[in-house]
Amino acid sequence: MTRLLVTGAGGMLGRDLVTVLGARPDLKVTTAARADLDVTDPAAVRAAVAGHDVVINAAAWTNVDGAEAEEAAATAVNGHGVANLAAACATGDTRLIQVSTDYVLSGDADTPYPEDAPTAPVNAYGRGKLVGEQAVARLLPDTGYVVRTAWLYGAHGPNFVATMLRLAGQHEHLDVVDDQHGQPTWSYRLAERLVALADAALAGRAAPGVYHGTCAGQTTWYGLARAAFTLAGLDPDRIRPTTSDRYPRPAPRPAYSVLGHNRWAAAGLPPLQDWHSTLVDAFHSPAPPAPWKVA
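Quick note on numbering: the sequence shown equals residues 168 to 462 in the working numbering.
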């Protein structure tokens, strides 16, 4: 029986991974939340990884603005912690699927970034995640997988969709930036895709390297907010467009986070669905329950 380890199992994506894997009796799944495994501890990581065929790493420092002030701490988790996992996987021929981010890219393109686009992060969070990507490529050239995602929302953690619907009960109008472009991605669908990639990797169908795990199409935060309001039965005209310079943040945000998905075909997997149809699915899905929805 295949043994699979999920790190970061207490987060939004990690909890969705646990749900998806719970329907797989052919897998023996070990879960490790942050309290169970400190990825910055090499000895603890070696012990946790031992005996597993696949590791899906969803453990991460996700406070993008906080990383600007504490870059070393963020990189310890997002970079050096990933190197610890990769080194442990290398000793046992274990496959590693590392969840990364669009923030390793510069964000100044005007066409979707291919998987082999040059990296050029514009903030501390992206720099730390890039250290992790480079460790996977260096230590696991034949068994390491990096899946970049972006604009995640879901049932089990803070996210933009949940925030917009919460604020709907507090403000008549919300001003939302309309000059950042990306691909909203439901964490549950990403979890399904990561498990499918693990299957393909074990079967020898998926080449190692970088994959882009975002939904197809593109929109802006303004467009996503309007779509969420519509699906929640709220008036989308309560959302008003504005520009990023109205909301300065400690960490610069890429203006263009649209990713290409060409590598999935070679692994026998289609790209993820269009972002809007996926959002519709998320709002109507009974499993997992989504407390961020408005009935």
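For glycine and all other residues, C-beta sits at the position ideal for the given N, C-alpha and C.
Inset, instruction - Report the three-state DSSP secondary structure of residue 334 (helix, strand or coil). - result: Three-state DSSP puts residue 334 in a helix.
Legend entry - Outcome for residue 277 when other beta-carbon atoms lying within 10 angstroms are tallied against a minimum of 16: The Cβ neighbour count for residue 277, taken over all protein chains shown within 10 Å, is under 16; the residue is labelled exposed.
Legend entry - Three-state secondary structure (DSSP) of residue 428: Residue state, collapsed to three classes: coil.
Legend entry - Status (buried if at least 16 other CB within 10 Å, exposed otherwise) for residue 325: So residue 325 ends up on the exposed side.
Inset, instruction - Consider the Cβ of residue 390: report whether some Cβ of chain D lies at a distance smaller than 9 Å. - result: Absence of chain D from the displayed structure is noted, only one protein chain being present.
Legend entry - Alpha-carbon to alpha-carbon, residue 258 and residue 395: Cα to Cα, residue 395 sits roughly 45 Å from residue 258.
Legend entry - Identity of the residues DSSP links to residue 349 by a beta bridge: Paired residues: 386.
Legend entry - With 16 other Cβ atoms within 10 Å as the buried cut-off, status of residue 456: Per-residue confidence for residue 456 stands at a pLDDT of 49, beneath the threshold of 50, marking its modelled position as unreliable; the derived number appears in the next sentence. So residue 456 ends up on the exposed side.
Inset, instruction - Tell me whether the beta-carbon of residue 375 lies closer than 9 Å to the beta-carbon of residue 316. - result: Cβ distance not < 9 Å, so residue 375 and residue 316 don't count as in contact.
Legend entry - Close beta carbons around residue 235, own chain, < 6 Å, minus the five adjacent residues each side: Scanning its chain for C-beta atoms nearer than 6 Å, with the 5 sequence neighbours on each side dropped, one finds around residue 235 the residues 291, 417 and 418, in chain order.
Legend entry - Cβ contact (3+ pairs, closer than 8 Å) linking the segment 294 to 309 and the segment 237 to 252: Taking a cut-off of 8 Å for Cβ pairs, the segment 294 to 309 and the segment 237 to 252 touch, as three or more such pairs fall below it.
Inset, instruction - Would you kindly report the start and end of the unbroken beta strand (DSSP E) that includes residue 312? - result: Unbroken beta strand (DSSP E) run through residue 312: 311 to 316.
Inset, instruction - Using 10 angstroms around the beta-carbon of residue 334, count the other beta-carbons present and answer buried if the total reaches 16, otherwise exposed. - result: Residue 334 sits exposed, since fewer than 16 C-beta atoms from the chains shown fall within 10 Å of its C-beta.
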